[in-house]
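Following the working numbering, the numbering of the sequence shown begins with 872 at its first residue and continues without gaps.
Note that beta-carbon positions come from the ideal geometry of N, C-alpha and C, so glycine has one too.
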Amino acid sequence: MFGNVLGLIIRRIYATSFCSHTVNILSKTLRMKKIFTLSLMLLFVYNLQAVVLVTLNESSLTNRETAVIEMFNGYGIIANIKGKEASFDELKNFNVIVATEDGAITKETVDQLIENGNHVYLLFNAGIPLGGNWVSHGSITGYRTINIERNEIFFDGYASNLNFNIQSGATAYAIGSEYPIGWTAVARNNVGSSNKTVLYREHTSGGKGLIFTYNPSAFSPVGKNVADLIYQWFEGAPAFPGKTVPDGNVAFVITNYDDGDNPDLTDSERAHYIRLLDQGYEVSFIRFSRLSHSDLSSAALITAVEYPSMNSQLLNGMLSEGHKVLLMYSSGGPFSTSWNYGATHTAYRHLIIEQNSVFFNGFASNLSSLVQSTRSGYSMSADYPIGWNSIGRNSINSTHKTVLYREHASSGGKALMFTYDPAGL
């Protein structure tokens, strides 16, 4: 336990703005005074970053509460534990206050904490005391999904009409109507547009509140990535260090949480990975929650296959730095809110080249070619991304664009969106 706390203190002290004022701590003059000052600073940093879980029963944690303890342990943080309805005075010295169960924390305490500059993280049904018509279901899988509706907070750059699974099983909640006053909804599940699942509140004091109606004990690998983004929003620092892509490697942004040398890829990601290997590339995998703080400067190519992976905000920076970006299949999700998927419609496998441009120069025709022999692909039928040029579509109709490209005016950066499934090519 001490090792974890010490590790936290060391990481945080290097991240603080006053670190430069203490580097001379070993000076012979006023040494004791400086050691004492550093001790106070360490104590301050630890308290500032401390996390407390407010539980229904301190001696018998639910599986969701246990999952939260384990999640923060993974971040190197030992979460404190308080009993249900702990008072504002008991909680105000903690940076992040977490609850997962209805009845663990009151609306009054939540409001007081946020207005005091604290951060309140309400998972599953812990936000019920804040109001609203809450609904849940254990067998309707749509309750486990998320549609990001607004490019705000930790979801900035990910909004789309596409959805993905936050949970791999178990019950999840949503707020169906009469949403809590003062809170902004940024996401819903795909059961219906009224079923809000992610709401936030920010205060001038610096306090933040988040209602996240999913079950932390059942987070999918994508859900764990989102949890890391949430941590970064609360703490102002990444949950884990970024990765450095070796010179000449392909940076492959994936949806799985394991981004080691041999991660568990989707069928579509694996098909794309095999083609990269066949072309002689070395590949470095990066889970999407690390993307913002990874060093891609030496990458030969940055690529992704599944949504969510590529962040639309980060892509602008990549292009201005001269990077080459290839977005396959659904990874272009954040660039439109009008995506279509033809699960059984063979026209989604076809390509009609509309312009003699870039690598299609000399191939334009009103005839269609079968690009995929199996599976299906995506297309966008409206809300096309600004600054991108459409050069291909499928055979549904002329609005269903499938191949788009963008080039930076001066850096040499290029991006291509190719919405077909690599596993069906």
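- Counting along the chain, no beta strand (DSSP E) covers W1054, and no H or E run does either.
- Separation of the CB atoms of L1198 and A1280 is rounded to 20 Å, and the pair is thereby denied contact status at 8 Å.
- Within the model, the alpha-carbon separation for S1261 versus G1284 is close to 17 Å.
- Residue pairing by DSSP places A1043 opposite H1008 in a beta bridge.
- For A1170, the number of other beta carbons within 10 angstroms of its own is at least 16, and it is reported as buried.
- Listed in chain order, the non-local C-beta contacts of S1266 below 7 Å within the same chain comprise A1218, H1221, I1223, S1239, local neighbours out to five positions each way being set aside.
- For Y1071, there is no enclosing alpha helix (DSSP H); the enclosing beta strand (DSSP E) has its first and last residue at 1067 to 1073.
- A contact is defined here as three or more CB-CB pairs under 8 Å, and the stretch 942 to 955 fails this definition with respect to the stretch 988 to 1007.
- Our two residues, W1259 and V1093, have alpha carbons roughly 28 Å apart in a direct line.
- In this structure the stretch 1045 to 1061 does not touch the stretch 1200 to 1208; the number of beta carbon pairs closer than 8 Å is below three.
- If you compare the alpha carbons of G1193, S1155, F1159, N1127 with that of S1039, the shortest gap goes to N1127.
- Here D960 carries a helix assignment [DSSP, helix/strand/coil].
- Rounded to the nearest whole angstrom, the C-alpha separation of K1067 and I1145 is 39 Å.
- Below 8 Å, too few C-beta pairs join the stretch 1104 to 1115 and the stretch 1029 to 1037 to call them touching: fewer than three.
- CA-to-CA, the gap between A1142 and T1174 works out to about 13 Å.
- Residue state for M1181 is assigned as coil, using DSSP reduced to three classes.
- Shown here for E1140: same chain residues with a beta carbon closer than 7 Å to its own, the five before and five after excluded, namely I1125, V1176, E1177 in chain order.
- The C-beta distance from F1083 to L994 rounds to 5 Å, short enough to fall under 8 Å.
- Assigned with DSSP and collapsed to three states, E1106 falls in helix.
- If the five residues before and after H1216 are omitted, its C-beta is found closer than 8 Å to the C-beta atoms of S1247, I1267, all from its own chain and listed in chain order.
- In the DSSP annotation of this structure, S1139 is not part of any beta strand (DSSP E); the continuous alpha helix (DSSP H) holding it starts and ends at 1138 to 1149.
- From the listed residues S1202, Y1276, N944, the smallest Cα separation to K1195 is found for Y1276.
- DSSP places R1158 within a strand segment (E or B) once states are collapsed to three.
- Residue pairing for G1094: DSSP places it in no beta bridge.
- As for any alpha helix (DSSP H) of minimum length 4 sitting wholly inside the stretch 963 to 987, the runs are 978 to 986, ordered along the chain.
- Nearest to N989 by alpha-carbon distance, out of D960, P1256, D1138, is D960.
- With contacts defined as CB atoms closer than 8 Å, N1086 and T1042 qualify as a contacting pair.
- Around the C-beta of V925, 16 or more other C-beta atoms lie within 10 Å, and the residue is accordingly described as buried.
- Taking a cut-off of 8 Å for Cβ pairs, the stretch 1009 to 1028 and the stretch 965 to 982 do not touch, as fewer than three such pairs fall below it.
- Secondary structure note for F1035: its beta strand (DSSP E) is the uninterrupted segment 1034 to 1036.
- By the 16-neighbour rule on beta-carbons within 10 angstroms, L1185 is buried.
- Secondary structure of F1111 (DSSP, three-state): coil.
- Here G1080 is near I985, since their CB atoms are less than 8 Å apart.
- Per DSSP, reduced to three states, the secondary structure at Y1014 is helical.
- When the Cα atoms are used, G1113 and S1165 turn out to be separated by approximately 4 Å.
- Shown here, E1278 sits in a strand according to DSSP, grouped into three states.
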